[in-house]
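In my numbering, the protein residues as written are -13 to 60.
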């Protein structure tokens, strides 16, 4: 098959959640053969009660704790 279907998993972020918990959920997605992990931008939350980690640091932690990041060219 020339262009196989790929599946991503959205990881929801909880207020003040430790990065290790987020990485563990990303590892779960990787273990179950998802092709990518998606997170929200912290600017979408808008309140202190719904604060989320900064996205680049979060993605870096996910990349370090999983198979890493892969870039694809069309």
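Just so it is clear, CB atoms sit at the ideal spot from N, CA and C, and this is done for glycine as well.
Beta-carbon spacing of residue i, residue j below 8 Å
| i | j | result |
| --- | --- | --- |
| residue -8 | residue 21 | yes |
Distance, residue j Cα to residue i Cα
| i | j | result |
| --- | --- | --- |
| residue 17 | residue 40 | 25 Å |
| residue 14 | residue -12 | 27 Å |
| residue 4 | residue 23 | 17 Å |
| residue 42 | residue 7 | 16 Å |
| residue -6 | residue 19 | 9 Å |
7 Å CB neighbourhood of residue i in its chain, flanking five on each side removed
| i | result |
| --- | --- |
| residue 9 | 47, 48, 51 |
| residue -4 | 24 |
Own chain partners of residue i with C-beta closer than 8 Å, once the 5 adjacent residues on each side are dropped
| i | result |
| --- | --- |
| residue 63 | Outside the shown range of the chain (-13 to 60) lies residue 63, about which nothing can therefore be said. |
| residue 57 | Its pLDDT being 42, under 50, residue 57 is placed unreliably in this model, and the coordinates cannot settle the point. |
Terminal residues of the alpha helix (DSSP H) in which residue i lies
| i | result |
| --- | --- |
| residue -3 | Note, residue -3: premise wrong, no alpha helix (DSSP H); not H, not E. |
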